[in-house]
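Trainee: The structure under discussion is supplied below as structure tokens; questions concerning it will follow.
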Amino acid sequence: MKANKQSGFSLLEILIAFSILALALGILLKIFSAGVNTAGVAEEYTAAVQIAEALMAKTGVEAPLKPSEATGLENEKYHWRVSVSPFQFMAENVDVTALAAELFKIKVTVSWGDDNARVDRRQVELITLKLVNKTS
């Protein structure tokens, strides 16, 4: 009499295989969602840098440079601040009164995100110097 031996997977083997598959899919979905989130943040930073560069480029073009501060909102999301101040020379041997031009420090800050949550608040800051002829 021969024993009837069946071939195939046992119920335990199938349950273990499905458990491993579920864990692997969960990890893959988490990796993909992190990638999508990172792409979204990168897109926001790119938009903020473009806004900051545009604000910096037009500062001193539409109106003469003078110490000032301006704020605004772009695309109902990005808060910006442009600050113009005279550049302070640190060298003691520079005679500022003898210079034919003035140097201004321009600082542009663009921020976005939740105002109440410090973790989600992001910001980009650009600083440059612009040289303008002195007005007598």
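When we follow the numbering used here, the leftmost residue of the sequence shown carries the number 1189, and every step to the right adds one.
Note that CB positions come from ideal geometry on N, CA and C, so glycine has one too.
1. Under 6 Å Cβ to Cβ from S1273, same chain only, skipping five residues before and after it: list those, please.
2. Specify the secondary structure class of G1223 as computed by DSSP and reduced to three states.
3. When the Cβ atoms of the stretch 1222-1232 are set against those of the stretch 1203-1212, are three or more pairs found closer than 8 Å?
4. If the criterion is Cβ atoms closer than 8 Å, does the pair E1250 and R1269 meet it?
5. Cα-Cα, which of L1291, L1261, A1222 is closest to P1252?
6. For K1246 and R1309, what's the separation of their Cα atoms in angstroms?
Mentor: Based on what the coordinates show:
1. Hits under 6 Å: P1255, K1293.
2. For G1223, the secondary structure class from DSSP, reduced to helix, strand or coil, is helix.
3. Touching, no, given that fewer than three Cβ pairs across the two stretches are closer than 8 Å.
4. Taking 8 Å as the cut-off, the beta carbon of E1250 is found no closer than this to the beta carbon of R1269.
5. Measuring from the Cα of P1252, the nearest candidate turns out to be L1291.
6. Near 26 Å, if we compare the C-alpha coordinates of R1309 and K1246.
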